[in-house]
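Engineer:
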Amino acid sequence: MKTKVIATIGPASAKKDVIKALIHEGVHGLRINFAHGDPSSWEHYANLIRKAEEELGTFVTLIGDLRGPSIRLGVLDEPLRFRSGDVLKIVNSEQGRAKDREIPLPNDIVFEGLDVGDIIIMDDGRVRLRVIDVGHDHIEVTALTDGAITSRKALVVQDKEFNLPTLTIRDLKVLDFMIKHGFNYVGLSYVRCAYDIEILRKELRRRGAKGIKVIAKIETRSAVKNLNEIVESTDVILVARGDLGMNYGLEEVPIIQRYIVSKSLSKGKPVIIATQLLESLTTNPVPTRSEVADVHEAVLEGVDALMLTNETSVGKYPIEAVRWIKKIIKEVEKEGTIRKPDIKPRTLRSRFAKGITELAESLGAKLLIFTMKGTTAFEISKFRPTVPVYAGANDLNVIKLINILWGIKPYLVKGSTYEEGLDELLKVLRTKYAVNVGDIVIQTYGLKDEELHIIKLRVVS
Numbered sequence: 018m019k020t021k022v023i024a025t026i027g028p029a030s031a032k033k034d035v036i037k038a039l040i041h042e043g044v045h046g047l048r049i050n051f052a053h054g055d056p057s058s059w060e061h062y063a064n065l066i067r068k069a070e071e072e073l074g075t076f077v078t079l080i081g082d083l084r085g086p087s088i089r090l091g092v093l094d095e096p097l098r099f100r101s102g103d104v105l106k107i108v109n110s111e112q113g114r115a116k117d118r119e120i121p122l123p124n125d126i127v128f129e130g131l132d133v134g135d136i137i138i139m140d141d142g143r144v145r146l147r148v149i150d151v152g153h154d155h156i157e158v159t160a161l162t163d164g165a166i167t168s169r170k171a172l173v174v175q176d177k178e179f180n181l182p183t184l185t186i187r188d189l190k191v192l193d194f195m196i197k198h199g200f201n202y203v204g205l206s207y208v209r210c211a212y213d214i215e216i217l218r219k220e221l222r223r224r225g226a227k228g229i230k231v232i233a234k235i236e237t238r239s240a241v242k243n244l245n246e247i248v249e250s251t252d253v254i255l256v257a258r259g260d261l262g263m264n265y266g267l268e269e270v271p272i273i274q275r276y277i278v279s280k281s282l283s284k285g286k287p288v289i290i291a292t293q294l295l296e297s298l299t300t301n302p303v304p305t306r307s308e309v310a311d312v313h314e315a316v317l318e319g320v321d322a323l324m325l326t327n328e329t330s331v332g333k334y335p336i337e338a339v340r341w342i343k344k345i346i347k348e349v350e351k352e353g354t355i356r357k358p359d360i361k362p363r364t365l366r367s368r369f370a371k372g373i374t375e376l377a378e379s380l381g382a383k384l385l386i387f388t389m390k391g392t393t394a395f396e397i398s399k400f401r402p403t404v405p406v407y408a409g410a411n412d413l414n415v416i417k418l419i420n421i422l423w424g425i426k427p428y429l430v431k432g433s434t435y436e437e438g439l440d441e442l443l444k445v446l447r448t449k450y451a452v453n454v455g456d457i458v459i460q461t462y463g464l465k466d467e468e469l470h471i472i473k474l475r476v477v478s
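Each residue of the sequence shown is one higher than the one before, counting from 18 in our numbering.
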């Protein structure tokens with residue numbers, strides 16, 4: 018299976034047996050959304066994942082999301098349910114009482130920036146409210162839909178953006194937590210431009226966190242407008258379809274998704290698609306035909322990974338969700354033709370990766386690479402090789418970084434030099450019958466500090 022699967026951990030899956038089952042089913046990455054919960058719950062999740070890895074004797078990529086410049090509600094004492102036409106009250110407070118019809122919005126900039134007529138959208142577009150009166154200490158809104166509002170929900174104001182800080186004090190504390198617990202990727206929510214990415218990188222450098230890569234979550238109009246500069250500045254792109262659906266008409270989202278994916282892959286950046294892939298599995302054990310078709314199309318687009326969110330974090334069938342998405346991916350990869358991105362290599366390393374991929378494909382050879390930092394794996398993956406690609410590394414963090422890349426099968430191997438690493442990788446693959454007598458293999462590596470690339474072509478005997 019070349020397309021990777023990422024699952025979000027939440028109340029429904031925060032049990033060691035469930036996490037072990039998710040990993041056993043073939044999840045490549047596990048995500049914690051730090052927009053929700055508190056340090057004690059995050060600590061619990063991280064410890065469960067670590068114990069599951071240890072007991073299974075395997076590894077999984079760890080991904081965490083920062084809130085970034087998102088707008089989120091405060092805490093409600095209970096869900097606030099309403100009908101279309103009901104009048105509700107937004108208060109500038111961390112706490113809200115459902116019985117008093119209060120929606121807590123602890124954000125001075127947004128609270129003071131709301132105007133009569135503004136449309137507030139929440140819950141991936143399911144909840145829509147219109148501002149009808151702006152008072153000194155509260156704002157009245159009328160519901161345009163039936164629905165329910167719960168704590169910490171993200172919201173957008175239609176056709177309006179606010180000048181919010183890229184990172185909050187809370188985000189910086191979360192970043193420290195992620196570094197302490199060995200996270201491999203940090204996702205920044207509500208990215209607006211390349212400067213947001215640079216601010217995050219600056220904080221990572223300040224903390225000496227060289228091994229963490231950055232995921233830019235594309236979910237706002239500004240991000241789509243500034244996509245070129247964001248793609249250039251980030252390590253990975255994530256298409257956050259739920260929030261895109263709050264900023265754009267639902268009928269526009271598939272077109273925007275295709276644009277983001279195509280633009281990112283053509284620049285050689287890995288892409289993750291998230292939100293509502295198999296949403297019906299939050300309550301039902303079987304996906305709908307339209308969901309299967311949606312996942313099918315995403316795989317054909319050639320994205321690196323598909324991320325399950327509510328399906329595994331709060332859904333009733335987290336394990337079934339992973340089984341279903343893997344089943345769909347395997348069927349598409351068996352029968353479908355994955356679209357290869359139109360990449361124009363700009364560096365010697367990238368041209369080498371393209372050439373070695375084409376050579377392996379023309380010979381029907383298996384590609385074996387040894388990498389110290391993961392760079393060669395990133396470069397080869399972006400050309401979507403049709404042959405098996407096995408990557409060895411002697412650094413577990415590097416293994417976890419390349420684990421979510423399209424078509425890369427990573428192995429932790431011994432070896433202090435590139436030659437030793439390639440030899441060890443071949444030994445491991447032979448014991449696992451991934452490489453057999455008579456197979457054509459290409460062994461390769463690129464020296465990390467030199468523009469020197471080595472190729473060995475051999476028939477296994």
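Just so it is clear, CB atoms sit at the ideal spot from N, CA and C, and this is done for glycine as well. All of these numbers come straight from a predicted model, not from anything done at the bench.
Measuring only the C-alpha atoms, how far is residue 99 from residue 163?
Structural biologist: For the purposes of this step, residue 99 is taken as residue 82 along the sequence shown, with counting starting at 1. For the purposes of this step, residue 163 is taken as residue 146 along the sequence shown, with counting starting at 1. Distance between the alpha carbons of residue 99 and residue 163: 6 Å.
Engineer: In whole angstroms, give me the CA-to-CA distance for residue 218 and residue 251.
Structural biologist: Position 201 of the sequence shown, counted from the start, is the residue given in the question as residue 218. Position 234 of the sequence shown, counted from the start, is the residue given in the question as residue 251. Near 9 Å, if we compare the C-alpha coordinates of residue 251 and residue 218.
Engineer: Using only CA atoms, which one of 264, 368 and 339 lies nearest to residue 42?
Structural biologist: Along the sequence shown, read from residue 1 onward, the residue named residue 42 stands at position 25. Nearest C-alpha to residue 42: 339.
Engineer: For residue 305, which of helix, strand or coil comes out of DSSP?
Structural biologist: Position 288 of the sequence shown, counting from 1, holds the residue named residue 305. In this structure, residue 305 counts as coil in the three-state DSSP scheme.
Engineer: Among 271, 335 and 321, whose alpha-carbon lies nearest the alpha-carbon of residue 296?
Structural biologist: Taking the sequence shown and counting its residues from 1, one reaches residue 296 at position 279. When only C-alpha atoms are compared, the closest one is 335.
Engineer: Give the DSSP-derived three-state secondary structure of residue 155 in the structure shown.
Structural biologist: Here residue 155 refers to the residue found at position 138 of the sequence shown. Strand, per DSSP.
Engineer: On a Cα-Cα basis, can you pick out the residue from 112, 157 and 142 that is closest to residue 131?
Structural biologist: Start at 1 with the first residue of the sequence shown, and residue 131 comes out as number 114. The option with the nearest alpha carbon to residue 131 is 157.
Engineer: Is the separation between the beta-carbon of residue 481 and that of residue 84 shorter than 7 Å?
Structural biologist: The structure shown does not extend to residue 481, since the chain spans only 18 to 478, so no value can be given for it.
Engineer: Beta-carbon within less than 8 Å of residue 91's beta-carbon, same chain only, minus the 5 sequence neighbours each way: which residues are those?
Structural biologist: Numbered from its first residue, the sequence shown carries residue 91 at position 74. The residues are 110, 111, 112, 113, 121, 122, 123, 168 and 169.
Engineer: Might you give, ordered along the chain, the residues of its own chain that have their beta carbon closer than 8 Å to the beta carbon of residue 28, omitting 5 neighbours on each side?
Structural biologist: Residue numbering aside, residue 28 sits at position 11 when the sequence shown is read from its first letter. Once the five neighbours on either side are set aside, the close Cβ partners of residue 28 are 330 and 331.
Engineer: Which of the three DSSP states is assigned to residue 38 in this structure?
Structural biologist: Locating residue 38 in the sequence shown gives position 21, where the first residue counts as 1. Looking at residue 38 - three-state DSSP - the assignment turns out to be helix.
Engineer: Under DSSP, the alpha helix (DSSP H) around residue 422 begins and ends at which residues?
Structural biologist: As a working mapping, residue 422 is identified with position 405 in the sequence shown. That residue, residue 422, is in no alpha helix (DSSP H); it is neither H nor E in DSSP.
Engineer: Kindly list the residues whose CB is nearer than 7 Å to the CB of residue 438, restricted to its own chain and excluding five residues on each side of it in sequence; keep chain order.
Structural biologist: Walking along the sequence shown from the start, residue 438 turns up at place 421. Counting only Cβ-Cβ distances below 7 Å, and skipping sequence neighbours, we find 387, 409, 411, 430 and 432.
Engineer: Whole angstroms are fine: how far does the CA of residue 161 sit from the CA of residue 428?
Structural biologist: As a first step, residue 428 is located in the sequence shown; it is residue number 411 there, counting from the start. As a first step, residue 161 is located in the sequence shown; it is residue number 144 there, counting from the start. Going by the C-alpha atoms only, they are around 53 Å apart.
Engineer: Which complete beta strand (DSSP E) runs does the segment 123–181 hold, if anything under 3 residues is left out?
Structural biologist: Complete beta strand (DSSP E) runs here, min 3: 136–139, 144–151, 155–160, 164–166 and 171–174.
Engineer: First and last residue of the alpha helix (DSSP H) that includes residue 254?
Structural biologist: Along the sequence shown, one-based indexing puts residue 254 at 237. Element bounds for residue 254: not the alpha helix (DSSP H) but the beta strand (DSSP E), 253–257.
Engineer: Considering only the alpha carbon of each residue, which of 447, 300, 284 and 327 lies closest to residue 257?
Structural biologist: Indexing the sequence shown from 1 puts residue 257 at position 240. Answer by Cα proximity: 327.
Engineer: Thinking C-alpha only, which one of 377, 232, 135 and 396 is nearest residue 364?
Structural biologist: One-based indexing of the sequence shown puts residue 364 at position 347. Looking at the Cα atoms, 396 is the closest of the given residues.
Engineer: Would you give the residue range spanned by the alpha helix (DSSP H) that residue 347 belongs to?
Structural biologist: As a position in the sequence shown, residue 347 is number 330, starting the count at 1. Its alpha helix (DSSP H) spans residues 335–352.
Engineer: When the distance is taken between beta carbons, is residue 253 closer than 7 Å to residue 3?
Structural biologist: Residue numbering for the chain in the displayed model covers 18 to 478; residue 3 lies beyond these limits and cannot be assessed.
Engineer: DSSP state of residue 271, grouped into three classes?
Structural biologist: For the purposes of this step, residue 271 is taken as residue 254 along the sequence shown, with counting starting at 1. If DSSP states are grouped into helix, strand and coil, residue 271 belongs with the helices.
Engineer: If we ignore side chains and look at the alpha-carbon of each, how far apart do residue 239 and residue 265 end up?
Structural biologist: As a first step, residue 239 is located in the sequence shown; it is residue number 222 there, counting from the start. As a first step, residue 265 is located in the sequence shown; it is residue number 248 there, counting from the start. In a straight line, the C-alpha of residue 239 is about 12 Å away from that of residue 265.
Engineer: By a C-beta neighbour count over all protein chains shown, 10 Å radius and 16 as the cutoff for buried, is residue 119 buried or exposed?
Structural biologist: Position 102 of the sequence shown, counting from 1, holds the residue named residue 119. So residue 119 counts as buried.
Engineer: Keeping to the same chain, check which residues put their C-beta closer than 7 Å to that of residue 155; ignore five residues upstream and five downstream.
Structural biologist: For the purposes of this step, residue 155 is taken as residue 138 along the sequence shown, with counting starting at 1. Within the same chain, residue 155 has close Cβ partners 106, 107 and 108.
Engineer: List in chain order: all unbroken alpha helix (DSSP H) runs of 4+ residues lying wholly within the segment 60–84.
Structural biologist: DSSP runs (the alpha helix (DSSP H)) wholly in the segment 60–84: none.
Engineer: Do residue 78 and residue 417 come within 7 Å of each other at the CB atom, strictly closer than that value?
Structural biologist: For the purposes of this step, residue 417 is taken as residue 400 along the sequence shown, with counting starting at 1. For the purposes of this step, residue 78 is taken as residue 61 along the sequence shown, with counting starting at 1. It is a contact, given that the beta carbons lie within the stated cut-off.
Engineer: Whole angstroms is fine: what's the gap from residue 405's alpha carbon to residue 193's?
Structural biologist: Residue mapping note: residue 405 aligns to position 388 of the sequence shown, counting from 1. Residue mapping note: residue 193 aligns to position 176 of the sequence shown, counting from 1. Approximately 37 Å, taken between the alpha carbons.
Engineer: For the beta strand (DSSP E) that residue 324 lies in, which residues bound it at each end?
Structural biologist: Walking along the sequence shown from the start, residue 324 turns up at place 307. Unbroken beta strand (DSSP E) run through residue 324: 322–325.
Engineer: Give the single residue among 303, 311 and 301 whose Cα lies nearest to the Cα of residue 290.
Structural biologist: Along the sequence shown, read from residue 1 onward, the residue named residue 290 stands at position 273. Cα-wise, what sits closest to residue 290 is 311.
Engineer: Please report the distance separating the alpha-carbon of residue 325 from that of residue 263.
Structural biologist: Along the sequence shown, read from residue 1 onward, the residue named residue 325 stands at position 308. Along the sequence shown, read from residue 1 onward, the residue named residue 263 stands at position 246. Distance between the alpha carbons of residue 325 and residue 263: 19 Å.
Engineer: Would you check if the distance between the CB atom of residue 222 and the CB atom of residue 196 is smaller than 7 Å?
Structural biologist: Counting from one through the sequence shown, the residue named residue 222 turns up at place 205. Counting from one through the sequence shown, the residue named residue 196 turns up at place 179. Taking 7 Å as the Cβ cut-off, residue 222 and residue 196 do not qualify as a contacting pair.
Engineer: Taking 7 Å as the threshold (C-beta atoms), are residue 278 and residue 320 in contact?
Structural biologist: Here residue 320 refers to the residue found at position 303 of the sequence shown. Here residue 278 refers to the residue found at position 261 of the sequence shown. Closer than 7 Å, so yes.
Engineer: Mind checking residue 101: buried by the 16 CB within 10 Å criterion, or exposed?
Structural biologist: Reading the sequence shown from its first residue, position 84 is the one you call residue 101. Residue 101 should be labelled exposed.
Engineer: Rank 368, 359 and 146 by C-alpha distance to the C-alpha of residue 318 and give the top, closest one.
Structural biologist: Position 301 of the sequence shown, counting from 1, holds the residue named residue 318. Nearest option by C-alpha distance: 359.
Engineer: Are residue 36 and residue 66 touching if we call contact CB-CB under 7 Å?
Structural biologist: Taking the sequence shown and counting its residues from 1, the one referred to as residue 36 is at position 19. Taking the sequence shown and counting its residues from 1, the one referred to as residue 66 is at position 49. Yes, these two residues count as a Cβ contact at 7 Å.
Engineer: What would DSSP say about residue 119, mapped onto helix, strand or coil?
Structural biologist: If you number the sequence shown from 1, residue 119 lands on position 102. Strand, per DSSP.
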